[in-house]
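Asks: Just dropping this structure here.
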Amino acid sequence: MMELCVVGNKFRLGKKIACRSAEIYYATDIETNEEVAIKFENVKKTKNPRLRYESKVYKLLGRRPGVPNLRWFGVEGDYKVLVMDLLGPSLEDLFNFCGRKFSLKTVLMLADQMIKCVEFLHSKSFLHRNIEPDNFLMGSHRQPNQVSIIDFGLSKKYRDSSNLRHITYREDQILNGTATYASENAHFGIEQSRRDDMESLGYVFMYFLRGSLPWQDLKARTENGRIRRIGEIKISPTTEALCGGYPVEFSSYFQHCHSLLFDAKPDYAYLKKIYSDLFIREGFQLDNIYDWTILKYQQSQETAGTSSRIQAADPNVYQQSGEKEVKQSGLSSIEHGLTSSLGQDTSRRRLSKKKISEVNDLVTSKDAILPSSTSSRMSGGSFSQAGVSSSGEAFTTENDSPRIQNKITRISCPVWGCKGSLDPEHCRSILAPKVLDKWGDYLCEALISAPDKFYCPFKDCYAILIRGPDFKDIIESECPICHKLFCAQCMVPSHFGIKCRKFQKLHKEERERNDILLKQLAKKKRWTRCSKCNFYVERTEGCLFMRCRCGYTFCYNCGARLISHYCKKCKH
């Protein structure tokens, strides 16, 4: 490969970064000297070339945070070449760097951005179909905290962009992507849709929390046998078994994914909300301090050998006009905030002028509770700065409306070194009434313990409800907000007289009201379902040998596959 010193007369080739489905090299733009990544695909040796298709997907997705920018695509000799922005390490690399386990805080901060990445991909009518930690990368030194999704070689359009018509349901598909993170349905040949990407994302979250997945090291004689065995293991234990010992929100995530019909749109807002609520309940601060940030900082301190006082861990930290200034580098800017003790007196002087603004900003955002000189915003522009008018009355920009909805419980004192928290009553004179009311509501909600709290299952409601002492004895309940009935045990809309055990045994595609009524009618009429296409068949006359419209032949009495007119299973 190194005989190609210059690619496309634009990029100077450097060292190899990775070798996966295609070889990836580091390179620089000759004109601008910018760093880029170049992906090579050998035209002659690659059995299933995907690079040209992947370049088209990048073009359709366009340039936005969370998706690397496509700079050039072309052919050089025996290679197809794709040039894109150079990003940082993958989440798999960082996972290994951190000892193959992430803290709950790190997983929740990553989950929010990862869900947004997949949501954006779905909004452009594409499925990823290869969700895994290797395909999520952190940003470069310019945006070190931005999570980006890559590798669209296996992506597929799930709907027509012009009329939004969804692809048809099928059961004859081969598994695409990595079996470890594939959805249950994908293991058994069912066509993938949006629900499968989201389920795969859930497995990645549990992989980060647990350190491994139960089926990860499974071995079999053949690859097909291994895939089938992994699928059986995923179905056999309940979701609670996989998520046992971890917050209930992770189990709720899978329950939502498994409740979706083939062409249903996942409720991305709900999935982000349950993790956001958990983040706040745990008392975490959205400071972009990940596990690897702390580990890198500790390593830099060990290397420097300066345990007596905190010093700059990066050469990009410099002094100007007698105070400490921080430039954002490959490490998180929040990490550099730890070095601000050297300029503590200056920070205190600046604080007296900006105290009102600081308090207002803390209440109306989910940012790091740090002095204004060292505060950092969540990558991707999810939250923006709030301000204060000349009279001291708090105001927000027009982009603040979604941010105000984020729940704030404990607000740390903005005075540097103080470990106390603010009281809403003490901030009444400097906060907007709407912000103050929200703060009070969230404080009340935080008083409800996690085991006693759950949400209304209806997507247009999601009201917070409380489990009473007789909760286990309640089958059907009514939401006091939307006044709709739901099953308190299954946490789904009411399943119309079918017992919970029977409902939970139903296939995911059979849980809607019309499907349940059809199943009841089929039982009454003694119809038999074809085990291949699940279509109900009614015998009007003749023997028990039935031929379905899909061509499958089976016994009408027991449903077993038949080749002759005699059923060995039920002996008819």
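No gaps in the numbering here: position 95 of the sequence shown is 95 in the UniProt record's numbering, and each next residue is one more. Glycine residues also receive a C-beta, built at the ideal position from the N, C-alpha and C atoms.
1) Suppose contacts are defined by Cβ-Cβ distances below 7 angstroms. Is serine 477 in contact with alanine 488 by that definition?
2) Only counting the same chain, and skipping five residues up and downstream in sequence, which positions put a Cβ closer than 7 angstroms to that of tryptophan 72?
3) By how many angstroms is the C-alpha of glutamate 54 removed from the C-alpha of residue 619?
4) Quick test of your reading: leucine 242 and methionine 206, contact by CB under 8 angstroms. State the CB separation rounded to the nearest angstrom.
5) In chain order, what are the residue ranges of uninterrupted alpha helix (DSSP H) at least 4 long that sit wholly in the segment 76 to 142?
6) Hey, out of Ile227, Ser251, His141 and Glu191, whose CA is closest to leucine 201's CA?
7) In the structure shown, what three-state DSSP assignment does phenylalanine 545 receive?
8) Work out the CA separation of arginine 526 and tyrosine 181 for me, nearest whole Å.
9) Go ahead and label cysteine 5 buried or exposed: buried means 16 or more other beta carbons lie within 10 angstroms of its beta carbon, across all protein chains shown.
10) What's the call for phenylalanine 97, buried or exposed, on a 16-neighbour Cβ count within 10 Å?
11) State the Cα-Cα distance for the pair serine 300 and glutamate 35, rounded to the nearest angstrom.
12) Pick helix, strand or coil for asparagine 514, following the three-state DSSP scheme.
13) What whole-angstrom Cβ distance do asparagine 48 and tyrosine 79 have, given they're in contact under 8 angstroms?
14) Could you give the DSSP three-state label for isoleucine 30: helix, strand or coil?
15) So for arginine 64, helix, strand or coil by DSSP?
16) Using beta-carbon positions only, say whether threonine 28 and arginine 12 come within less than 7 angstroms of one another.
17) Tell me the residue span of the alpha helix (DSSP H) that contains arginine 195.
18) Determine whether the beta carbon atoms of tryptophan 215 and isoleucine 235 lie at a separation below 7 angstroms.
19) Do aspartate 172 and valine 118 have their C-beta atoms closer together than 7 angstroms?
20) Could you name the residues of the same chain whose beta carbon sits closer than 7 angstroms to that of threonine 178, not counting the 5 residues immediately before and after it, in chain order?
21) Alpha carbon to alpha carbon, what distance is there between glycine 189 and glycine 231?
22) Any contact of the segment 255 to 268 with the segment 291 to 299, i.e. 3+ C-beta pairs under 8 angstroms?
23) Classify lysine 15 as helix, strand or coil using the three-state DSSP reduction.
24) What's the C-alpha gap between threonine 46 and alanine 22?
25) Report yes if the CB atom of lysine 524 is closer than 7 angstroms to the CB atom of tyrosine 552, and no otherwise.
26) Do leucine 137 and serine 90 have their CB atoms nearer than 7 angstroms?
27) May I ask you to list the residues that DSSP assigns as paired with alanine 37?
Replies: Reading off the structure:
1) Yes, the pair counts as a contact, with Cβ atoms nearer than the cut-off.
2) Non-local C-beta neighbours of tryptophan 72 in its own chain, meaning closer than 7 angstroms and more than five positions away in sequence, comprise Gly8, Lys10 and Val83, ordered along the chain.
3) With the chain covering 1 to 572 only, the question about residue 619 has no answer from this structure.
4) With 8 angstroms as the limit, leucine 242 and methionine 206 qualify as a contact, their Cβ atoms being about 6 angstroms apart.
5) With a minimum length of 4 residues, the unbroken runs of alpha helix (DSSP H) contained wholly in the segment 76 to 142 fall at 91 to 97 and 104 to 123.
6) Comparing Cα-Cα distances from leucine 201 to each of Ile227, Ser251, His141 and Glu191, the minimum goes to Ser251.
7) Correct three-state label for phenylalanine 545: strand.
8) Between the C-alpha atoms of tyrosine 181 and arginine 526 there is a straight-line separation of about 39 angstroms.
9) Burial check for cysteine 5: the Cβ neighbour count within 10 Å stays below 16, so the residue is exposed.
10) Residue environment analysis places phenylalanine 97 among the exposed positions, since fewer than 16 neighbouring C-beta atoms fall within 10 angstroms of its C-beta.
11) In this structure, the alpha-carbon of serine 300 lies about 25 angstroms from that of glutamate 35.
12) With a pLDDT of 49 at asparagine 514, under the threshold of 50, the modelled position of that residue is not reliable, and the figure given next carries that caveat. Reduced to three states, the DSSP call for asparagine 514 is helix.
13) In fact, because the Cβ distance is near 16 angstroms, the residues do not count as touching under 8 angstroms.
14) The answer is coil: DSSP assigns isoleucine 30 none of H, G, I, E or B.
15) Arginine 64: strand per DSSP, three-state reduction.
16) Cβ distance < 7 angstroms, so threonine 28 and arginine 12 count as in contact.
17) Judged by DSSP secondary structure, arginine 195 falls within the alpha helix (DSSP H) whose first and last residues are 194 to 210.
18) Cβ atoms of tryptophan 215 and isoleucine 235: not closer than 7 angstroms.
19) No, these two residues do not count as a Cβ contact at 7 angstroms.
20) Asn130 and Glu132.
21) One alpha carbon belongs to glycine 231, the other to glycine 189, and they sit about 11 angstroms apart.
22) Contact between the segment 255 to 268 and the segment 291 to 299 is absent, because fewer than three Cβ pairs lie under 8 angstroms.
23) Lysine 15: strand per DSSP, three-state reduction.
24) Roughly 9 angstroms separates the two Cα atoms.
25) Result no, Cβ atoms of lysine 524 and tyrosine 552 do not sit closer than 7 angstroms.
26) Yes. Within cutoff.
27) In the DSSP secondary-structure assignment, alanine 37 is bridged to Tyr26 and Met84.
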